[in-house]
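Student: Following this message is one structure expressed as structure tokens.
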Amino acid sequence: MNLNKQLADCDCGLTSYSCVMDSVKGKLCECHPGYFEVNGYCTGCSCGENSFGCFASMYTARMCLCHRGYTSFTGYCVECFCGDNSYACIIDSLRGKVCHCHPGFVEIDGHCLDPNSTEKPMTKSYTSTPK
């Protein structure tokens with residue numbers, strides 16, 4: 001393959017800083033911050049104001065990287081807070097908000113609490129729409 005054809009084939013768009021032709025994987029794009037590769041071109045990544053970036057995975061076109069208290073859902077960072085006794089909060093399209101609690105704590109009304117305590121859940125909740 002001649003060099004001009006190789007350069008023409010290795011175009012990831014204006015938002016890329018590198019394009020490499022790999023003999024096994026084909027065209028590989030390295031995109032500027034805020035962009036990720038989709039079908040061989042760098043595409044914008046906007047997950048909302050509560051995100052600090054995103055990446056493409058083999059299972060979804062875009063996975064958002066969200067600030068604490070938020071989780072990735074349908075391409076946006078949405079509020080998802082289970083309290084300080086949780087290590088993760090996700091939103092499941094069938095079950096809604098799901099809290100993953102540290103050992104010794106259980107999910108009660110969407111918050112991770114000590115089952116032997118009289119502590120009441122915090123009032124912070126989540127919304128499923130982007131802000």
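The letter at position 71 of the sequence shown is residue 71 when you use my numbering, and the numbering goes up by one with no holes. Every residue gets a Cβ at the ideal spot worked out from N, C-alpha and C, and that includes glycine. All of these numbers come straight from a predicted model, not from anything done at the bench.
(1) Residue 71: buried (16+ other C-beta within 10 angstroms of its C-beta) or exposed?
(2) Taking just the CA atoms, how far does residue 95 sit from residue 125?
(3) Using a Cβ-Cβ cut-off of 6 Å (strictly less than) and excluding sequence neighbours within five positions of residue 47, which residues of its own chain qualify?
(4) If I'm right that residue 45 touches residue 62 with Cβ under 8 Å, what's the distance once you round it to whole angstroms?
(5) Comparing alpha-carbon positions, which option in 84, 100 and 85 lies nearest residue 91?
(6) State the DSSP-derived secondary structure class of residue 92, mapped to helix, strand or coil.
(7) Among 14, 9 and 86, which residue has its Cα nearest to the Cα of residue 21?
(8) With which residues is residue 30 paired in a DSSP beta bridge?
(9) Give the secondary structure of residue 131 by DSSP, where H, G and I count as helix, E and B as strand, and everything else as coil.
(10) At which residues does the beta strand (DSSP E) containing residue 118 begin and terminate?
(11) Name, in chain order, the residues that DSSP records as bridge partners for residue 53.
(12) Measure from the alpha carbon of residue 31 to the alpha carbon of each residue in 11, 23 and 87, then state which is nearest.
Tutor: Reading it off the structure:
(1) buried
(2) Per-residue confidence for residue 125 stands at a pLDDT of 46, beneath the threshold of 50, marking its modelled position as unreliable; no derived number is given.
(3) 54, 64, 76 and 77
(4) 7 Å
(5) Comparing Cα positions, the closest option is 100.
(6) Reduced to three states, the DSSP call for residue 92 is strand.
(7) 9 is the residue among 14, 9 and 86 whose C-alpha sits nearest the C-alpha of residue 21.
(8) 18
(9) Annotation note: pLDDT 42 at residue 131 (below 50); position unreliable, no value reported.
(10) It is not in any beta strand (DSSP E) - residue 118 carries neither H nor E in the DSSP assignment.
(11) In the DSSP output, where bridge partners are listed per residue, residue 53 has 65.
(12) 11
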